[in-house]
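According to my numbering, the sequence shown is numbered sequentially starting from 10. Only one structure is covered here, and it is reproduced in the block below.
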Amino acid sequence: MHEMGLALEIIDIATASIPADLAGTRVERINLTVGKLSAVVPESLRFCFQVASRETAVEGAELHIEEVPVVARCKQCRHEWTIDEPVFRCPACDATTIEVVSGRELDIRSIELEDKEEKGQ
Ligand SMILES: [Zn+2]
Numbered sequence: 010m011h012e013m014g015l016a017l018e019i020i021d022i023a024t025a026s027i028p029a030d031l032a033g034t035r036v037e038r039i040n041l042t043v044g045k046l047s048a049v050v051p052e053s054l055r056f057c058f059q060v061a062s063r064e065t066a067v068e069g070a071e072l073h074i075e076e077v078p079v080v081a082r083c084k085q086c087r088h089e090w091t092i093d094e095p096v097f098r099c100p101a102c103d104a105t106t107i108e109v110v111s112g113r114e115l116d117i118r119s120i121e122l123e124d125k126e127e128k129g130q
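Structure (structure tokens):
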């Protein structure tokens with residue numbers, strides 16, 4: 010199950026990115042973007058995260074998963090367009106050299122920590 014590996018990776022990155030002076034602060038939410046071609050099932054990723062994050066610094070955090078469209082680019086004419094499934098041909102020039110520019114990956118956009126105290130300003 011590929012979601013378990015991703016969940017562990019998210020836990021590692023999130024844990025490492027909590028500043029030292031905020032250690033012990035509860036992580037409320039982790040915002041992720043997941044490309045539609047990444048084959049990640051959000052429910053399954055949430056489940057794995059919940060299991061794997063037990064007794065870590067990010068236990069109990071909510072995963073906010075946003076699915077982002079996949080952008081493809083033609084290497085011949087540089088035409089860029091959004092796709093929902095893998096493509097093999099450029100609609101503009103008919104070339105078959107296509108690269109996926111974004112949407113394949115999983116990215117951690119931000120990590121929200123619980124507000125322990127009201128800040129002055
Ligand atoms: Zn093209």
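Ideal placement from N, C-alpha and C gives every residue a C-beta, glycine not left out.
> Within the chosen definition, does the stretch 76 to 88 reach the stretch 102 to 118 through at least 3 CB pairs nearer than 8 angstroms?
Replying inline: With the cut-off at 8 angstroms, the stretch 76 to 88 and the stretch 102 to 118 touch.
> What is the DSSP secondary structure of ILE107, reduced to helix, strand or coil?
Replying inline: DSSP, reduced to helix, strand and coil, places ILE107 within a strand of the structure shown.
>> When you measure from the CB of ALA81 to every non-hydrogen atom of ligand 1, does any distance come out below 7 angstroms?
In response: In terms of side-chain proximity, the C-beta atom of ALA81 is found no nearer than 7 angstroms to any non-hydrogen atom of ligand 1.
>> Here's the rule: buried if 16 or more other CB atoms are within 10 angstroms of the residue's CB, otherwise exposed. What is THR91?
In response: Answer is exposed; the Cβ neighbour count stays below 16.
> Where are the beta strand (DSSP E) runs, 3 residues long or more, that stay fully inside the stretch 56 to 115, in chain order?
Replying inline: Secondary structure within the stretch 56 to 115: the beta strand (DSSP E) runs of 3 or more consecutive residues, fully enclosed, are 71 to 77, 79 to 83, 89 to 92 and 107 to 111 (chain order).
>> Suppose you measure from the CA of THR24 to the CA of ARG38; what does that come to, to the nearest Å?
In response: Approximately 12 angstroms between the Cα atoms of the pair.
> DSSP state of LEU46, grouped into three classes?
Replying inline: In the structure shown, LEU46 sits in coil (DSSP, three-state: anything other than H, G, I, E or B).
> Closest by CA to GLU71, which one among ASP21, GLY14 and ILE120?
Replying inline: Closest by alpha carbon: ILE120.
>> Measuring straight from C-alpha to C-alpha, what distance separates CYS83 and GLU94?
In response: For CYS83 and GLU94, the gap between their C-alpha atoms comes out near 15 angstroms.
>> Output needed for GLU75: all residues of its chain with C-beta closer than 6 angstroms, excluding positions within five of it in sequence on either side, in chain order.
In response: Close CB contacts of GLU75 within its chain, under the 6 angstroms cut and outside five residues either way in sequence, are with THR42 (chain order).
> In its own chain, which residues sit with a C-beta less than 8 angstroms from the C-beta of VAL96, not counting the 5 before and 5 after it?
Replying inline: Here the set comprises ALA81 and ILE107.
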